[in-house]
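A.B. asks:
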Amino acid sequence: MPPDRIADIWGARTPHASGTAWPVRVDEYLADGVTASEIERWVRGACLLCSNGCGLEIAVRDGRMVGVRGRAEDRVNHGRLGPKGLYGWQGEQRDRLTVPLIRQRGRLVETDWDTAMTQIVERSRTLLDAKGPLSHGFFTSGQLMIEEYYTLAVIGKAGLGTPHMDGNTRWCTATASAAFQESFGCDGQPGSYTDIDSCDAVFLFGHNVAETQTVLWARMLDRLDGPDPPQLVCVDPRRTNVAERATVHLPIRNGTNLALMNALVREQITRGFVDERYVAAHTIGFDALARMTRDATPEWAADICGVPADDIRRAAEIFGTSQRVVSTCSMGFYQSHQATAASCQVNNLHLLRGMLGRPGAGILQMNGQPSAENNREAGCGPALPGFRNWENPEHVRELAELWNVDPIVIPHWAPPTDAMTMFRYAEQGSIGFLWIAGTNPAVSMPDLARVRRILSGDQCFVVVSDGYRTETTELADVVLPAALWGEKTGTHTNVDRTVHLSERAVDPPGQARGDLEIWIDYARRMALADKDGRPLPPWEEPEQAFEAWKQCSAGRPVDYTGLSYALLHERGGIQWPCTADTPAGTERLYTDGNFPTDPDSCETYGHDLATGAAVSETEFRACRPDGRAILKTTPYEPAFEQPDERYPLRLTTGRTVYHWHTRTKTARSPQLQRAAPAMWLEVSRQDAQRLGIGEGDIVRVTSRRGSIEAPARVSHVRAGIVFAPWHYGGTAANELTLSAWDPISKQPEFKVAAVDLERVRDGDGPAPAPIHTASAPATLDR
Numbered sequence: 001m002p003p004d005r006i007a008d009i010w011g012a013r014t015p016h017a018s019g020t021a022w023p024v025r026v027d028e029y030l031a032d033g034v035t036a037s038e039i040e041r042w043v044r045g046a047c048l049l050c051s052n053g054c055g056l057e058i059a060v061r062d063g064r065m066v067g068v069r070g071r072a073e074d075r076v077n078h079g080r081l082g083p084k085g086l087y088g089w090q091g092e093q094r095d096r097l098t099v100p101l102i103r104q105r106g107r108l109v110e111t112d113w114d115t116a117m118t119q120i121v122e123r124s125r126t127l128l129d130a131k132g133p134l135s136h137g138f139f140t141s142g143q144l145m146i147e148e149y150y151t152l153a154v155i156g157k158a159g160l161g162t163p164h165m166d167g168n169t170r171w172c173t174a175t176a177s178a179a180f181q182e183s184f185g186c187d188g189q190p191g192s193y194t195d196i197d198s199c200d201a202v203f204l205f206g207h208n209v210a211e212t213q214t215v216l217w218a219r220m221l222d223r224l225d226g227p228d229p230p231q232l233v234c235v236d237p238r239r240t241n242v243a244e245r246a247t248v249h250l251p252i253r254n255g256t257n258l259a260l261m262n263a264l265v266r267e268q269i270t271r272g273f274v275d276e277r278y279v280a281a282h283t284i285g286f287d288a289l290a291r292m293t294r295d296a297t298p299e300w301a302a303d304i305c306g307v308p309a310d311d312i313r314r315a316a317e318i319f320g321t322s323q324r325v326v327s328t329c330s331m332g333f334y335q336s337h338q339a340t341a342a343s344c345q346v347n348n349l350h351l352l353r354g355m356l357g358r359p360g361a362g363i364l365q366m367n368g369q370p371s372a373e374n375n376r377e378a379g380c381g382p383a384l385p386g387f388r389n390w391e392n393p394e395h396v397r398e399l400a401e402l403w404n405v406d407p408i409v410i411p412h413w414a415p416p417t418d419a420m421t422m423f424r425y426a427e428q429g430s431i432g433f434l435w436i437a438g439t440n441p442a443v444s445m446p447d448l449a450r451v452r453r454i455l456s457g458d459q460c461f462v463v464v465s466d467g468y469r470t471e472t473t474e475l476a477d478v479v480l481p482a483a484l485w486g487e488k489t490g491t492h493t494n495v496d497r498t499v500h501l502s503e504r505a506v507d508p509p510g511q512a513r514g515d516l517e518i519w520i521d522y523a524r525r526m527a528l529a530d531k532d533g534r535p536l537p538p539w540e541e542p543e544q545a546f547e548a549w550k551q552c553s554a555g556r557p558v559d560y561t562g563l564s565y566a567l568l569h570e571r572g573g574i575q576w577p578c579t580a581d582t583p584a585g586t587e588r589l590y591t592d593g594n595f596p597t598d599p600d601s602c603e604t605y606g607h608d609l610a611t612g613a614a615v616s617e618t619e620f621r622a623c624r625p626d627g628r629a630i631l632k633t634t635p636y637e638p639a640f641e642q643p644d645e646r647y648p649l650r651l652t653t654g655r656t657v658y659h660w661h662t663r664t665k666t667a668r669s670p671q672l673q674r675a676a677p678a679m680w681l682e683v684s685r686q687d688a689q690r691l692g693i694g695e696g697d698i699v700r701v702t703s704r705r706g707s708i709e710a711p712a713r714v715s716h717v718r719a720g721i722v723f724a725p726w727h728y729g730g731t732a733a734n735e736l737t738l739s740a741w742d743p744i745s746k747q748p749e750f751k752v753a754a755v756d757l758e759r760v761r762d763g764d765g766p767a768p769a770p771i772h773t774a775s776a777p778a779t780l781d782r
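Here full-length UniProt numbering is used: the sequence shown runs in plain steps of one and ends on residue 782.
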């Protein structure tokens, strides 16, 4: 019998010493009744149920997926898979959308592809003729493939000419991209997962890696259990599994991240931990950074954050005295009002200490989704493909030449439109055609009552492509059945720039089609063409799209030109940039301390971190970055909503290890669904005692936007905070969250809202929350 990976989330330990290779451990799960001898073939790919991007193979029998196993040779996971990777594929086996649906007399009814596409194209053409390209918006996912993203980017930016393109990557990874651009001049993860294997300190900033990237935590655990473990610092208001292994746990109040970071940076400067030679040679802005953080003492930060000043000092000392530090940063920092500023301070810590570009010293500004990186690279969101600068006429000209269109068609006259603004335009009717692909904003967006009004109103025609009927499809005008992972071929890139090829293992169910096929069909019916009348995009198949993307990436920081389907099939994951000069890929960026901040090549000229106001090209050139990184921060400001007499507690939202996003797939996996079957709300022991709440009691949480009821889990969350998992539609945490966001990344503030908590009635037993994770009851001794 295989081990129960619901209880044993991270699997057996394989400890190792610093500087040695992470040992191989191959995980495998086959469906009940299936034996290895019955497998007809194993098809190569990578997991798309978190941003780790683990290499795996899909077992196929009788035209169906019947299991998975990790790839031992893959650089990301060395054969390991987490619970979602092992069990989640089963969710594709049932309840799938198999035919198109159109809305008639208020109901969705089945139809054929030609009827559905004709309705889409007629509405699209009518709006384009009447109002122009600004009437169109496209909202995608972080779970598609680069071939699909790039195809839609060409359709939207070169075929239609709309700036209204974004994805649910806005909810998870927008700040990672923004922070890299502000600090280094360009997007792109500088570090590598292999840095974990040789570091002597790990800092986790708002990142519950034990549940959000289980295999990466297994990698960290194998160092922590080895003969020379790294010190571990964890910033999280909950006592997570990470916090339980930490040298220093800083359970700060949610919404106070920047206060902590300014204090940590101040300590590096005032205590003499700065690598002055590196800073002088490879950065600008040190004097302003020192001045801005001068008064951010540990005592000042401790009062704001609610943690001991000595713990802040100890964390700063660990960073300042370690020789090789890896920092990760995730949703606890990104989904906040000063998200970009706080994340830039993580970058600043590494720049101050020269902790970049060498083994064991790196930054992992995490993605929330498996191929969010591809959305950023391909320009399917609010960016130009290849990390090009929309304000740079030469970058626009390059794309126009590549696509053979007039440069004026490519939207570059104003900043690209972020998702929150797109939905506002859809609310007002300015966007009259909104295509949503591979995502479920009716559960995942903040202030859901407003989102439902937008999507169900007559002012905007809504198209949804998905593999399942969801809360969002039920509000759409046209629904298209989409192929999912394992049912199509394409590439996707994980957090540390590792590119994988996922190959088609089985046919999609019924009439479902891949997103690439759907969008090419739309482009052909719309007769989109280049200046010479040739079809735009000119390709039909995934590999053709990949070759076109390689051409677009050539010479840019995100260069894919050395990659091919054949190479990725044979080798597994390879990190970009991969070129003729670096055929094996590039493990770390900025090894020479040279950053892409040259004004002629950078992706952005930057922003004021307090207001979001853009830095002009003239101002940027005047700073003379000359290939140096930029040290910048801003003063701490309180969150948009603060506790008060009516709403005395702070709400924060997050994930559980057993579910992925809005559970469209994982709720249909029996092991994962049994592990976390329904919504719960976590309260501290102190708040539970004060309010007379017992384990499993039904409680009501109310914000200025709505309320939800669910069983209470009395957990180790800090006092004054209520934690809500955001996966569950019906009882959705985002009924409570607010439409406020960071001024640069435009990422919503999911992590902070003022709420009231009250007991409603007795429950039927313990809350349906997991017991092996951060949601474990406070009474459980682990």
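All C-beta atoms, glycine included, are put in the ideal place defined by N, C-alpha and C.
#1: Which residues mark the beginning and the end of the beta strand (DSSP E) in which P711 is found?
#2: Across the segment 698–707 and the segment 746–758, are there enough close Cβ pairs to call them in contact, namely three or more that are closer than 8 angstroms?
#3: Within its chain, find whatever has a CB closer than 7 angstroms to the CB of L672; leave out the 5 residues flanking it on each side and keep chain order.
#4: Do you know offhand how far V215's Cα is from C47's?
#5: Would W403 be called buried (16 or more neighbouring beta carbons within 10 Å of its own) or exposed?
#6: According to DSSP, A529 sits in a beta bridge with which residue or residues?
#7: For the segment 617–627 against the segment 404–414, do three or more pairs of beta-carbon atoms, one drawn from each stretch, fall closer than 8 angstroms, so that the two count as touching?
#8: Tell me which residue opens and which closes the alpha helix (DSSP H) that E570 is part of.
#9: T470 and G132: beta carbons closer than 9 angstroms?
#10: Less than 9 angstroms separating the beta-carbons of V202 and V325?
#11: Rounded to whole angstroms, what's the CA-CA distance from Q747 to G167? Just pull it up for me.
#12: Kindly identify the DSSP beta-bridge partner or partners of G55.
#13: Return the chain-ordered list of same chain residues with a C-beta closer than 6 angstroms to the C-beta of P385, the five sequence neighbours on each side being excluded.
#14: Thinking just about the alpha-carbon of each residue, which of G467, C329, W741 is nearest to the one in A94?
#15: Rounded to whole angstroms, what's the CA-CA distance from R5 to G11? Just pull it up for me.
#16: Please go through the same chain and pick out, in chain order, the residues whose beta-carbon is closer than 7 angstroms to the beta-carbon of A17, but skip the five residues on each side of it.
#17: From T151 to P542, what does the alpha carbon distance come to, in whole angstroms?
#18: Going by DSSP, what residues sit across from C329 in a beta bridge?
#19: Do you know offhand how far N392's Cα is from D600's?
#20: Beta-carbon within less than 7 angstroms of A400's beta-carbon, same chain only, minus the 5 sequence neighbours each way: which residues are those?
#21: Would you list the one or two residues that DSSP bridges to T653?
#22: With E682 as the anchor, note down where its beta strand (DSSP E) starts and where it stops.
#23: Comparing alpha-carbon positions, which option in M65, D236, S430, A437 lies nearest G457?
#24: Tell me which residues share the same chain as M679 and place their Cβ nearer than 6 angstroms to its Cβ, disregarding the 5 neighbours each side in the sequence.
#25: Could you check if P382 is buried or exposed, using at least 16 other CB atoms within 10 Å of its CB as the buried criterion?
#26: What first and last residue would you give for the beta strand (DSSP E) that runs through F433?
#27: Tell me the residue span of the beta strand (DSSP E) that contains C199.
#28: Give the C-beta separation of Q345 and V265 to the nearest angstrom, bearing in mind that I take them to be a contact with Cβ-Cβ under 8 angstroms.
#29: Which residues in the same chain have their Cβ closer than 6 angstroms to the Cβ of T270, if we skip the five residues on either side of it in sequence?
#30: Under the rule that 16 or more other beta-carbon atoms within 10 Å means buried, what is E749, buried or exposed?
#31: If I'm right that R44 touches E57 with Cβ under 8 angstroms, what's the distance once you round it to whole angstroms?
#32: I'd like to know whether the C-beta atoms of L49 and P370 end up nearer to each other than 9 angstroms.
#33: Would you kindly work out how many angstroms separate the C-alpha atoms of T579 and E474, rounded to a whole number?
#34: Can you tell me where the beta strand (DSSP E) with V82 in it begins and where it stops?
#35: Should the segment 682–696 be called in touch with the segment 707–727, which here means at least 3 C-beta pairs below 8 angstroms?
#36: Secondary structure at V265, three-state DSSP: helix, strand or coil?
C.D. replies: Judging by the given coordinates:
#1: For P711, the enclosing beta strand (DSSP E) starts and ends at 707–715.
#2: Contact holds: three or more Cβ-Cβ distances are below 8 angstroms.
#3: Shown here for L672: same chain residues with a beta carbon closer than 7 angstroms to its own, the five before and five after excluded, namely P83, K84, Y87, G88, Y658, H659, T666 in chain order.
#4: Whole-angstrom Cα-Cα distance: 11 angstroms.
#5: It counts as buried.
#6: Residue pairing by DSSP puts A529 in a beta bridge opposite P535.
#7: Fewer than three pairs of CB atoms, one per stretch, sit closer than 8 angstroms, so the segment 617–627 makes no contact with the segment 404–414.
#8: Where E570 is concerned, the enclosing alpha helix (DSSP H) starts and stops at 565–571.
#9: Taking 9 angstroms as the Cβ cut-off, T470 and G132 do not qualify as a contacting pair.
#10: Taking C-beta atoms as the reference points, V202 and V325 count as a pair closer than 9 angstroms.
#11: Rounded to whole angstroms, Q747 to G167 spans 11 angstroms at the Cα level.
#12: Residue pairing from DSSP places G55 in a beta bridge opposite A46.
#13: So the list reads A153, A378, G379, C552, once near-sequence residues are dropped.
#14: The residue asked about is misnamed: residue 94 is Arg in this sequence, not Ala. Ranked by Cα distance from R94, the first of G467, C329, W741 is G467.
#15: Distance between the alpha carbons of R5 and G11: 7 angstroms.
#16: Excluding sequence positions up to five before and after A17, its CB lies within less than 7 angstroms of the CB of G226, P227, D228, all in the same chain and listed in chain order.
#17: If you take the alpha carbons of T151 and P542, they lie about 10 angstroms apart.
#18: F205, Q365.
#19: N392 and D600 have their C-alpha atoms some 8 angstroms from each other.
#20: Closer than 7 angstroms at the Cβ level, and outside the excluded window around A400, lie D406, P407, I410.
#21: T653 is bridged by DSSP to A724.
#22: Per DSSP, E682 belongs to the beta strand (DSSP E) from 681–684.
#23: For G457, the closest of M65, D236, S430, A437 by C-alpha to C-alpha distance is S430.
#24: The beta carbon of M679 is closer than 6 angstroms to those of A710, Y728, T731 in its chain, skipping five residues each way along the sequence.
#25: Taking all protein chains in view, the Cβ of P382 is crowded by 16 or more other Cβ atoms within 10 Å, so the residue is classified as buried.
#26: Counting along the chain, the beta strand (DSSP E) containing F433 begins and ends at 433–437.
#27: Careful: C199 lies outside any beta strand (DSSP E) and carries neither H nor E.
#28: Confirmed, about 6 angstroms.
#29: Cβ within range, chain order: n/a, list empty.
#30: So E749 counts as buried.
#31: Indeed they touch by this definition, with Cβ atoms about 5 angstroms apart.
#32: Using a Cβ distance threshold of 9 angstroms, L49 and P370 count as a contacting pair.
#33: If you draw a straight line from the Cα of T579 to the Cα of E474, it comes to about 45 angstroms.
#34: This sequence places Gly at residue 82; Val is not what is there. Careful: G82 lies outside any beta strand (DSSP E) and carries neither H nor E.
#35: Under the 8 angstroms Cβ criterion, the segment 682–696 counts as touching the segment 707–727, having at least three qualifying pairs.
#36: Three-state result, V265: helix.
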